[in-house]
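Participant:
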Amino acid sequence: MFQLSTLTVLLLMFCFYGLTFLVSLRVGRKEENVDGYMVSNNSIGFGMSAASMTATWIWAASFYAAATAGYKFGISGALHYGFWGALMILFIYPFGRRFRQLAPKAHTLAEIMHARHGRSSQMILAGSNIVGSLISLMVNFTAAGALVAVLSPLSFTHGVLIAGVGILTYTIWSGFRSSVLTDFGQLFAMIFAAVVIIPIIFFQLGGPEIFAQGMPKITPEQASFYSKTAILEQGAPYFVAVLAYAIGNQTIAQRLFAVREDLMKSTFVTATIGYASIVIGLGMLGFLALLAGIEPLDGDLNNLIPQMASTYLPPFAVGLFFIMVIGSLSSTADSDLSALSALVMTDVYGKNIAKGKPNPKTMLFVGRLTMVLATMLAMIFASMKLDILTMLIFVGALWGAIVFPVIASLYWERITNAAFTSAAIAGFVMFLVARFELLEMQGVVALFFELCASIGGGVVIGLMAFGFLGKRAGFVLGALAFMVFAPFAFGFLRDYPVLLSSLTAYGVSTVVCVLVSLRSNQTFDFDCINERVVAFHHDAEPDTVNGASPCPVSL
Amino acid sequence: MSSFALTAYVLIWPAIAATVMVTLCVSLWRDMRKAKRDGTDLV
Chain A
3 MFQLSTLTVL
13 LLMFCFYGLT
23 FLVSLRVGRK
33 EENVDGYMVS
43 NNSIGFGMSA
53 ASMTATWIWA
63 ASFYAAATAG
73 YKFGISGALH
83 YGFWGALMIL
93 FIYPFGRRFR
103 QLAPKAHTLA
113 EIMHARHGRS
123 SQMILAGSNI
133 VGSLISLMVN
143 FTAAGALVAV
153 LSPLSFTHGV
163 LIAGVGILTY
173 TIWSGFRSSV
183 LTDFGQLFAM
193 IFAAVVIIPI
203 IFFQLGGPEI
213 FAQGMPKITP
223 EQASFYSKTA
233 ILEQGAPYFV
243 AVLAYAIGNQ
253 TIAQRLFAVR
263 EDLMKSTFVT
273 ATIGYASIVI
283 GLGMLGFLAL
293 LAGIEPLDGD
303 LNNLIPQMAS
313 TYLPPFAVGL
323 FFIMVIGSLS
333 STADSDLSAL
343 SALVMTDVYG
353 KNIAKGKPNP
363 KTMLFVGRLT
373 MVLATMLAMI
383 FASMKLDILT
393 MLIFVGALWG
403 AIVFPVIASL
413 YWERITNAAF
423 TSAAIAGFVM
433 FLVARFELLE
443 MQGVVALFFE
453 LCASIGGGVV
463 IGLMAFGFLG
473 KRAGFVLGAL
483 AFMVFAPFAF
493 GFLRDYPVLL
503 SSLTAYGVST
513 VVCVLVSLRS
523 NQTFDFDCIN
533 ERVVAFHHDA
543 EPDTVNGASP
553 CPVSL
Chain B
5 MSSFALTAYV
15 LIWPAIAATV
25 MVTLCVSLWR
35 DMRKAKRDGT
45 DLV
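Sequences listed follow chains A and B, in order. Here the numbering used here = 1-based position in the first sequence + 2. Here the numbering used here = 1-based position in the second sequence + 4.
1) Give a yes or no on whether the C-beta atoms belonging to residue 105(A) and residue 431(A) are separated by under 8 Å.
2) Please work out which residues of its chain come closer than 8 Å, Cβ to Cβ, to residue 444(A), disregarding the five sequence neighbours upstream and downstream, and give them in chain order.
3) Excluding sequence positions up to five away, which residues of its chain have a Cβ less than 8 Å from the Cβ of residue 130(A)?
4) Given that a residue counts as buried once 16 or more other Cβ atoms are within 10 Å of its Cβ, and exposed if not, what is residue 3(A)?
5) Show which residues of chain B have a CB atom less than 7 Å away from the CB atom of residue 102(A).
6) For the stretch 264 to 283 of chain A against the stretch 72 to 88 of chain A, are there 3 or more C-beta pairs whose distance is under 8 Å?
7) How would you write the range of the alpha helix (DSSP H) that residue 161(A) sits in, first residue to last?
8) Measure the alpha-carbon distance for residue 210(A) versus residue 219(A) and round it to whole angstroms.
9) Helix, strand or coil: how does DSSP classify residue 261(A) here?
10) Pull up the distance between the alpha-carbon of residue 5(B) and that of residue 501(A), whole angstroms please.
11) Using a C-beta to C-beta distance shorter than 9 Å, which residues of chain A count as neighbours of residue 35(B)?
12) Please say whether residue 55(A) and residue 257(A) have beta carbons closer to each other than 8 Å?
13) Is the number of C-beta pairs between the stretch 8 to 16 of chain B and the stretch 131 to 138 of chain A that are closer than 8 Å three or more?
14) Note the first and the last residue of the continuous alpha helix (DSSP H) segment covering residue 506(A).
15) Alpha carbon to alpha carbon, how far is residue 421(A) from residue 516(A)? Give it in angstroms, no decimals.
16) Please identify the residue among 273(A), 474(A) and 490(A) whose C-alpha is closest to the C-alpha of residue 49(A).
17) For residue 513(A), which residues of its own chain have a beta-carbon under 7 Å away from its beta-carbon, when the five flanking residues on both sides are left out?
18) Taking its Cβ as the centre, do 16 or more other Cβ atoms sit within 10 Å of residue 481(A), making it buried, or is it exposed?
19) Counting contacts by CB-CB distance shorter than 8 Å, is residue 17(B) in contact with chain A?
20) Got a sec, what are the start and stop residues for the alpha helix (DSSP H) residue 218(A) sits in?
21) Can you list the residues of chain B that residue 173(A) reaches, using a CB-CB cut of under 8 Å?
22) Taking all protein chains shown into account, decide if residue 524(A) is buried (16 or more other Cβ within 10 angstroms of its Cβ) or exposed.
23) Which of the three DSSP states is assigned to residue 199(A) in this structure?
24) Would you call residue 360(A) buried or exposed, if buried means 16 or more other Cβ atoms sit within 10 Å of its Cβ?
25) Which residue from 12(A), 52(A) and 41(A) puts its Cα closest to that of residue 30(B)?
26) Out of 128(A), 192(A) and 75(A), which one is the CA nearest neighbour of residue 303(A)?
27) Under a three-way DSSP split, which group does residue 46(A) fall into?
28) Do residue 197(A) and residue 12(B) come within 8 Å of each other at the CB atom, strictly closer than that value?
29) Below 8 Å on the Cβ atoms is my guess for residue 58(A) versus residue 156(A); work out the distance and round it to an integer in Å.
30) Spatial neighbours of residue 213(A) within its chain, please: CB distance less than 8 Å, with the 5 preceding and 5 following residues excluded, ordered by chain position.
31) Which value, in whole angstroms, describes the spacing of the CA atoms of residue 327(A) and residue 477(A)?
32) Would residue 75(A) pass as an interface residue toward chain B - the criterion being a Cβ-Cβ separation below 8 Å?
33) Distance check for residue 245(A) and residue 583(A), CA to CA, integer angstroms please.
34) Listed from N- to C-terminal order along the chain, which residues in the stretch 186 to 199 of chain A have their beta-carbon within a distance smaller than 7 Å of any beta-carbon of chain B?
35) Quick one: what does DSSP say residue 12(A) is sitting in, helix, strand or coil?
36) So residue 179(A) contacts chain B; which residues on that side make the cut at Cβ distance below 7 Å?
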């Protein structure tokens, strides 16, 4: 395999992070505004925000996983990865409009939950966001280490260290504003590389001839657009995760609060198309590798893309590929750092330590300190090479258990703090039981979990329909989905623990949330959210009616 | 499926990505001009 020299790799990384740092200096301020540090000016334009959303959503794992799907599942594999991943962006849009309408000055979703319910709901959401962002940061550092180790004589640790220090250096001063500004350049590098690399590899492999030679050699399932294996093992679990990742990811929530409100729709649609085209395109390399009969190095499918790049690309294009992957992981990692700082600044320091009256200078210090600590932790975890997949599954399930409580809390006035908290805990516990088969999945137990998962399936479809088509469509399509899904689920889903457990988290959390809420007669005035969620930098006083606030102060 | 259709299926994605990039570049250029004209920050 072709390798770049140590000097070339060091020069490429130094130039990349050096240029990014210089770009970030353009938005540096002597007196940084804490709100700007977390969500910019709430009115970023279309080009910048769509590019930032796309770049953030594409991480290094997107390339490797899409190519793996293409290699394993054939013609539809890359679609089953990239299409559903892209829909995650699109599906937060209708709910995002509601979040912006209720709390235009919000910094995090957990902050809105604090205003809606109180501390326990806020900390469940903030905690899951923090764990998710930390894992994402670690995965991106791991990818940097692996890339440097495969494509150069340098070691894994060198790659992790250079990427960690480089990303922290340009993000720490201006936080989210640096992240958004540099995302544009990073996305440009990614798209340019993808546009050049995909056709070069395709024609190096023989162009259209590869289909005549390769298609007869693959299995009928791999040659079919409607492969059942691809749907059940790749598409369906990913489809279930669509809403969970959209709600649970603070990096997207931050951009949701940062974009100019009237540009939200065009931003989300463009980011969806941009993400799909880049990731599915690179996933096609896996499909081409399958047709060409290429065996992944050491049997590790993660080596597939670097292997194809180093085998079929000329040296300059290998350099481009290197920058593409570094750009993708850096744009996500700087967004994770910004997300983590916003979560700790707002939800830990602002709402819980400073009790809603933070000192802006201390708050900024807390944000920067968070970035340094998070970078150190992620570098340590990356060097330990922990089982990332298991950790991602945990976080994904936790997010699945909070999707219904979070969304319903902002539409249904009867949901209480107790309902939110008990629903999230019950959903997560039942997920653990199903995922790790703590109870034997047979007989009545298996039927019970399949019933919960069927309800979960109805909830997923119902929420998606509700987002775009309204309440009635949500109820009707959700109920229809349950009725169609349940007969297939009984006796069948127990053999697919990933899908069963994910859907169970949705189903159980929804049932518990609804039942506990119905036991209470409490109602909530949604106007109170806007009063409680305010900018930190200005000493904004709540609107009052005859000198008294209409909403009780939430601490 | 014909080789032509499969070729289009593989190469359509970089073409869409390039179109998105052009759209974003034009929008950014407009945003930069507007920010300069209004004396405001881009981010």
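Think of the CB as a built atom: it goes at the ideal place given N, C-alpha and C, for glycine as much as any other residue.
Facilitator: Straight from the coordinates:
1) no
2) 496
3) 250, 397, 400, 401 and 404
4) exposed
5) What residue 102(A) touches in chain B: nothing, since even the nearest Cβ is about 18 Å away.
6) yes
7) 158 to 173
8) 15 Å
9) strand
10) 32 Å
11) 46, 47, 48, 49 and 50
12) yes
13) no
14) 499 to 520
15) 7 Å
16) 273(A)
17) 457
18) exposed
19) yes
20) Counting along the chain, residue 218(A) falls outside any alpha helix (DSSP H), and DSSP gives it neither H nor E.
21) By Cβ distance, chain B contributes nothing, its closest Cβ being about 13 Å from residue 173(A), past 8 Å.
22) exposed
23) helix
24) buried
25) 52(A)
26) 75(A)
27) strand
28) no
29) The Cβ separation is near 27 Å, so there is no contact.
30) 293
31) 42 Å
32) no
33) Lying before the first or after the last residue shown, residue 583(A) is absent from chain A, which here runs from 3 to 557.
34) 186, 190, 193, 196 and 197
35) helix
36) 47
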